[in-house]
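Residue numbers (this note's numbering), protein chains in the order written: chain A, 4 to 651; chain B, 272 to 614; chain C, -14 to 125; chain D, 482 to 827. Below: the structure, in structure tokens.
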Amino acid sequence: MKRTGVFVCHCGINIAGTVDVKKAAKELSKHKGVVHSEDYVYMCSDPGQNLILDAIKEKKLDNVVIACCSPTLHETTFRNASKSAGLNEFQCEIANIREQCSWVHKDMDKATEKAIKITKSAVEKVRRNESLEPISIPVTRRALVIGGGIAGIQSALDLANTGYEVILVERSPSIGGHMIQLSETFPTLDCSQCILTPKMVEVSKHSNIKLMTSSEIQEISGYVGNFKAKILKKPTYVDADKCTLCDECTKVCPVVVSNEFDLGLTGRRAIYIPFPQAIPATYTLDISACPGLLPIACGKCADVCEPGAIDFDMKPEIIEEEVGAIIVASGFDLYEKEMMGEYGYGKYPDVLDGLQFERLLSASGPTMGKVLRPSDHKEPKEVVFIQCAGSRDPELHCPYCSKICCMYTAKHAMLYKHHVHDGQAYIFYIDIRSGGKGYEEFVQRAVEEDGVLYLRGKVSKIFEEKGKIKVWGVDTLAGKDIEIDADMVVLATAMRPSEGAEELAKKLKIALDKDGFLSEAHPKLRPVESVTSGMFLAGAAQAPKDIPEAVAQASGAAAKAIAILSQERLFHAPTVAKVNVNLCTGCGMCVDVCPYDSLSLKDGKVEVNEVLCEGCGTCSATCLRAAIQIRNLTPLQVSEMIKVSLGG
Amino acid sequence: MVNLEDLKNEAHKLLKEGTVKYIIGYERGTNGLLPIPAFIKNPEDVERLIWDPTCVFNLTRFLVDEKRRKASEKEPDERPVGVIVKGCDSRALVVLLQEKFINRDDVYILGVSCEEAGVLDEKKLAKTLKGKKAKNIEFTKNDNFVVMTEDGKTEISAKEILAERCLECKANFPVIYDILLGEKVKRKSDKPFGSLEKFESLSKEERWTFWKEQLDKCIRCYACRSVCPMCYCDECVADTINFAVTADTTAEEKAQKIKWAEKSPVTSENFVYHLVRAIHLAGRCIDCGECERVCPLDIPLRLLNKKLEKEAKELFDYEVGFDPDQPSLVSSFKDEDPEDFIR
Amino acid sequence: MAEEFEPKIVAFLCKWCSSAGSDLAGVSRMEYPPNVVPITVMCSGSVSPLYIFSAFKRGADGVLVSGCHPGDCHYIKGNFYARRRIALVKKLLDYIGLEPQRFQMSWVSAAEGKKYTQIIKDFVQELKPLGPQTKLRSNS
Amino acid sequence: MEKILTKKSFPQWVKKLSLYKIYAPVRDNDICNLEAIDNPESIDLDCSNTVLSPKKIIFPQREIYLEFETSDENKLQVKEILPEETPSVIFGVRPCDAKALTLTDKVFSGDFKDPYYWKRRNSTTLIGLACNIPPSPNCFCLSVGGSPHSKEGLDILMTDLGDKYFVESLSEKGSTLINLAKPLFQQPKAADKKAVEKTQAEAEKKIVRQIKDIKKIPSILENMFDSPLWDKESLSCLRCGICTYLCPTCHCFDINDEVSSSSPVKGKRVRTWDNCQFPDFTMHSSGHNPRPDRSSRLRQRILHKFQYFVELYKDYQCTGCGRCISKCPVGIDIIEVLDKVSDYGS
């Protein structure tokens, strides 16, 4: 019979104040197979741990139970102690008699009785634990970064500069993300393009980075250290190596469509370059706008292309890559126009969203940096900025704060004043959230130096009248109605997870939070990891954030990925599913329920990929014939735990 | 109406041409009207086949035996087995396919339609005949039953002597088959869970008294489990009776066996057995009613399984045995599954 | 006066949410009755109906299964399977005449120490008037 | 002692036996069960034979042998549990079932007299009811040395004579019961005796089923261990336990420890019926099973009843009650099987 040792911790008076630890130790000493039972004031202290060590050696214990605080606190401590005495770490179990007992009860007799049951339950469990060693997995020492915005770029560069190969996948024809659309950045007012383009160039030139634009993730399989990615590379019909950026093709292209880079404020041709600094620096053919290739309906661009860069026969390719870690930086989109009908967005041309206004401010934008109304190209003299357009509105829109709008609205108002010196900027706001280095000062500067008028309150109605946009609102501080005849309205629309994020999350098996952003493993302590091991989150895909935060998280994600890639082998918890082949009939119900695709059928029996299995045990509860169970939390263990928990 | 001669001819052809290795059907037995399963290999033996309202068995149960036998053979005959299935039985077949227990290629399905009728309840018949003994019973064109007794022929309305489950039938003709005999007559059961009504209207304590009385009768002969095509597990988790130990079962696997229910036929153990069986049949039971028919103590087991069939339909809009590709009831979920019972 | 009936409850708590939530109740020094013995499992999805029947057979007056809120499951979707499975078990137990109050399910997140405390308090209060669970309990 | 008891007085007789625990057939919708009786009115002697024979009272499906518990000092304490010797009476025992008890008597005697069995057996009085009409269409008692009015194993035999019973005491135990309610009984008239004889003769004629050549069967079986017959006859067997659990003569049992508590260790050692038709009946812990399939299990059932038992006890271990035929879910018919055995021999 296995020899078990029980150690009851007083935790000072934290446990001993409510649980009669002497009695508990004595009762446990009577339990079948318990050959050693003692109590001590602080088991986690060095002398406490030494008691365990000595007892294991002297009494030849096969396993130990420490009745103490929650396993989240000292399970590792005591498992390490047991290990140093020669036991397998799984021969040590924790009975939580503090958080789940002494701290929540007052009646000493009853608390003691309960503590005894909890401890016996742990004894019954540990006596049936298998000695297991962590599962070792080799690592493919390359990384995949999904998304070529600032976060993705930063992660890719950090990884590449550390010496690891990176595959950077971006679905649009150029990297740069939303940051490349911005004019200047708060709070320093650096030119966004000026600070981003060098990084983009670095990406394109970096020998460790394989850049795949116009590409999408099709399928991800595998597990930490050993992912397989299927990437769909869509044809651009232009050979980037041959394209000389001569621009002859656009001149002959008969099609004009709305230019997404300028958010529809300008147009572009079917063959186009997304923006002058695009990386990769090449033109691309937008097949959805082109009159057609099957058969070739126009073909003028190819006719004029001297280097012969245009290749209508380009086909979609599926490229498979093996990587050890994945960083998801799929970014954000602005809240859909259609959703903001109440502010006239989409209805009146001079009601703009934040990004459109950025384009108006940008020197490379549709107005060459002049603030002009889209409707009549006149300089607006009164501009109303509305914060929280779609954010912080749990009833109608998004319940969360989009975080960056307070700052960029201040920036917009400020930059507007820099462009239109005699103009007046109004900002409707709920609160000003300007936490961040230099942020509060920035907002103050907008008010004090640029005379921006902050109005605390909500806009109730916006409508067009005689070429003006009438804005009705309330100033809740002054308690009076406000009516502004604005020339332009700029909405600080909410940030949403980028389009397709949900689909991508499904492919990656990453959970989404209630707002559709990618879920981090822990909101405080693991903000960069996803729940799937080996996959990390960066940038606005996880939650709204500004550039410095996105960059910080991107570097964090890169560091986390490096922590995996820098190892030759990884170790995985061995408490995974195990199949009793004799009982398995191959019905596949466990395969259906496994959240990690760790189960598969082979020759009519189920097989476990131990590396993918996280040990949740849903398979074992689903199996009708007990043919699959989790190591060290088997139905037998649970049934014995039930028995002693009920005093039997 | 299924013509028995057609059935025999089809069976004869299949055997003669060697399409199937044998045919599982019904033949007359020696215990009164109860037929016995027929395993027919020779074409000339098809004459033994019968088809009448006494053909209650769910013959798909014998595919479980066939699978075990085949697995133990060194050079198995890979031809399919022919099996005669009614509508209800075909749904069992669908579940067996869904759970990959059998391959579609391993069975040749001779479907028979019950049309407007079904199979009889022997006890109801005995009551109707008031002591007279039935010698023969047949379907008629108008879906009544003609019963031959020592006093001659009498025609009895099918409704009077049909098995309860046939009155609540969801598939009066096979949902899957290779050949179909009889017509696909649509029949709508107006009360698919009618037999539950009376019982559900009882109070909690009345229900408890009822079930305690019923399950206390159980002698754990396991006929309910043995006759059930869904209870194809080599070892039943609910009891310690049939440990599936093989030469390569490890000591650790043996040590992991749990007595969820003791062998003693007492209330607590009988309840564990029957509750586990009921919950394991949830989303799998197709209401062939065989468990209830074979119970020597007349425990109304259908009431347990039917209840969970009803809950699966009402809570999760899940119906059993129509689509071999649908995921099982408990290995799937919908976001909108009810959770009003959760705190 | 006879000693007040103290129901015995087994609570299957998922490790990541409900067990952590009960830890939080402890850390926050909330108080609740000592009638519940927790058994920490990895996920509410791993709670087999056998565990529940077995607990009642072993004399539990009440059984609680508690997991993460929908969408919060550490294992992505284990609690959704649990929800379906437990719904069926609950219907079945009610059907055979066990008092429905005796079998409960709850969502308790790691942040809901207070909710856990309340659930246990309510559970114990609801079980007290019912007296001991003798229907499914083994007499041996 | 021979008496007449009117059917009207029957409940009063039962009432007079208040010192005894009374078991009798009780109707449960379509079936009859043998139950402990509080109210004599609930007794139904007209119903067909009970699903389970009086075996379930003398040799109950569950018998507690002993209780064990570890003390504080971790010592195992064992307490033997013997059944209480409650004087009991079973009414409505059919001759075949009474005969069956004489067979199990042999099994539980021998070198070791099983105290659990005999304590119950000795404290029970069996009151038989002759079968004027065969209780089952599958009755075949005549083939195995019984008859519908056999007195073997009974303490009293009652014969239904319409509005009255002809009551014949066959033992001291039986006479005691009659004497407890003496005034209720009358002396039989000559006509009564004649009526009994007539009824008995007619009853025998009503038994239609029979085994072809029972006498030869034991010797034929000796050479049939490897016969292909078993395979053929067992093809449809479901491996349930109906035939054996319902059999009044089957007596195999299993012994298990039912542990109710691990701390302290506490539990009961329990004997329960076992069943040679269950796949694990002869399962070895090595995984080897000498009777691995249905055919070997059917063979065991037949050989045990008609060869081994005959060798050991000079009688068939079958009394022709027909339960195994009537209740077999797939119509396996022991008479048919035995007839085929006869054919095999000729």
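Using N, Cα and C, we set each Cβ at its ideal position, and we do this for glycine too.
Residue i versus residue j: straight-line alpha-carbon distance, rounded
i, j, result
"C197/A", "S603/A", "51 Å"
"M(-14)/C", "E96/A", "A caution first: M(-14)/C carries a pLDDT of 48, below 50, which makes its placement in the model unreliable, though a value can still be read off. Those two C-alpha atoms are separated by around 41 Å."
"I633/A", "P564/D", "44 Å"
"F612/B", "I104/C", "13 Å"
"D49/A", "P760/D", "57 Å"
"D434/A", "G155/A", "31 Å"
"L507/A", "I220/A", "7 Å"
"R350/B", "K608/A", "23 Å"
"F108/C", "G151/A", "52 Å"
"I121/A", "A98/A", "6 Å"
"V450/A", "Y457/A", "8 Å"
Cross-chain neighbours of residue i in chain D, by beta carbon under 8 Å
i, result
"G651/A", "S741, S742, S743, S744, K747"
"I432/B", "Ordered by position in chain D, no residue passes the 8 Å Cβ test against I432/B, which lies about 14 Å from the chain."
Terminal residues of the alpha helix (DSSP H) in which residue i lies
i, result
"K547/B", "Residue identity differs from the one stated: residue 547/B is Val in this sequence, not Lys. Where V547/B is concerned, the enclosing alpha helix (DSSP H) stretches over 538 to 552."
"K471/A", "Per DSSP, K471/A belongs to no alpha helix (DSSP H); it is in the beta strand (DSSP E), 471 to 478."
"L610/D", "No alpha helix (DSSP H) contains L610/D, which is instead part of the beta strand (DSSP E) from 605 to 610."
Residues that residue i bridges to, as DSSP identifies them
i, result
"S533/A", "E523/A"
"A413/A", "According to DSSP, which records beta bridges pairwise, A413/A is partnered with nothing at all."
"A505/D", "E516/D"
"Y429/A", "V387/A, L456/A"
"H575/A", "I138/A"
"T188/A", "D193/A"
Contact list for residue i against chain B, beta-carbon separation under 8 Å
i, result
"D814/D", "G300, T301, N302"
"C733/D", "Neighbours of C733/D on chain B: none; closest Cβ ~13 Å, over 8 Å."
Range covered by the beta strand (DSSP E) that runs through residue i
i, result
"T212/A", "The sequence shown places Ile at residue 212/A, not Thr. Taken as a continuous stretch (DSSP letters only), the beta strand (DSSP E) holding I212/A covers 212 to 215."
"A489/A", "483 to 489"
"Q558/D", "557 to 561"
"A309/B", "306 to 311"
"P500/A", "498 to 500"
"L752/D", "For the sequence presented, residue 752/D should be read as Arg rather than Leu. First-last of the beta strand (DSSP E) with R752/D: 746 to 754."
"N407/B", "405 to 410"
"D673/D", "Unbroken run through D673/D is the alpha helix (DSSP H), 671 to 687; no beta strand (DSSP E)."
Partner residues on chain A for residue i, Cβ-Cβ distance less than 9 Å
i, result
"D553/D", "K33"
Chain-ordered neighbours of residue i on chain B, where CB pairs are closer than 7 Å
i, result
"M27/C", "Here the premise fails: no neighbours, minimum Cβ distance about 18 Å."
"S807/D", "N302"
Where residue i meets chain C, residues with beta-carbon distance less than 7 Å
i, result
"C619/A", "M27, C28, G30, S31, Y60, G63"
Partners in chain D for residue i, counting only beta-carbon separations shorter than 9 Å
i, result
"K123/A", "S743, S744"
Amino acids of chain D, ordered along the chain, whose beta-carbon sits closer than 7 Å to that of residue i
i, result
"V647/A", "S743, S744"
**OP:** Could you pull out every unbroken alpha helix (DSSP H) segment of at least 4 residues lying fully inside the segment 593 to 648 of chain A, listed in chain order?
**Re:** Annotation: the segment 593 to 648 of chain A contains the following complete segments of the alpha helix (DSSP H) (minimum length 4 residues), in chain order: 621 to 625, 638 to 648.
**OP:** Enumerate, from N- to C-terminal direction, the unbroken alpha helix (DSSP H) stretches of 4 or more residues contained entirely within the segment 92 to 150 of chain A.
**Re:** Within the segment 92 to 150 of chain A, the complete alpha helix (DSSP H) segments at least 4 residues long are 111 to 130, listed from N- to C-terminus.
**OP:** Could you pull out every unbroken beta strand (DSSP E) segment of at least 3 residues lying fully inside the segment 237 to 299 of chain A, listed in chain order?
**Re:** For the segment 237 to 299 of chain A, whole beta strand (DSSP E) runs of length 3 or above, ordered along the chain, are 259 to 261, 270 to 272.
Original post:
Residue ranges of each beta strand (DSSP E) run of no fewer than 3 residues wholly in the segment 336 to 384 of chain A, ordered along the chain?
Top reply: As far as the segment 336 to 384 of chain A is concerned, its whole beta strand (DSSP E) runs of at least 3 residues are 354 to 356.
**OP:** Run through the segment 25 to 104 of chain A for me and flag every whole beta strand (DSSP E) of 3 or more residues, listed as ranges in chain order.
**Re:** Counting only runs that start and end inside the segment 25 to 104 of chain A, the beta strand (DSSP E) elements of at least 3 residues fall at 37 to 43, 66 to 71, 95 to 99.
Subject >> Whole runs of the beta strand (DSSP E) within the segment 14 to 90 of chain C, excluding any shorter than 3 residues >> reply: Fully enclosed beta strand (DSSP E) runs of 3 or longer: 21 to 26, 47 to 52.
Original post:
Taking only runs of the beta strand (DSSP E) that begin and end inside the segment 537 to 601 of chain D, which ones reach a length of at least 3 residues, in chain order?
Top reply: Complete beta strand (DSSP E) runs here, min 3: 543 to 551, 557 to 561, 569 to 574.
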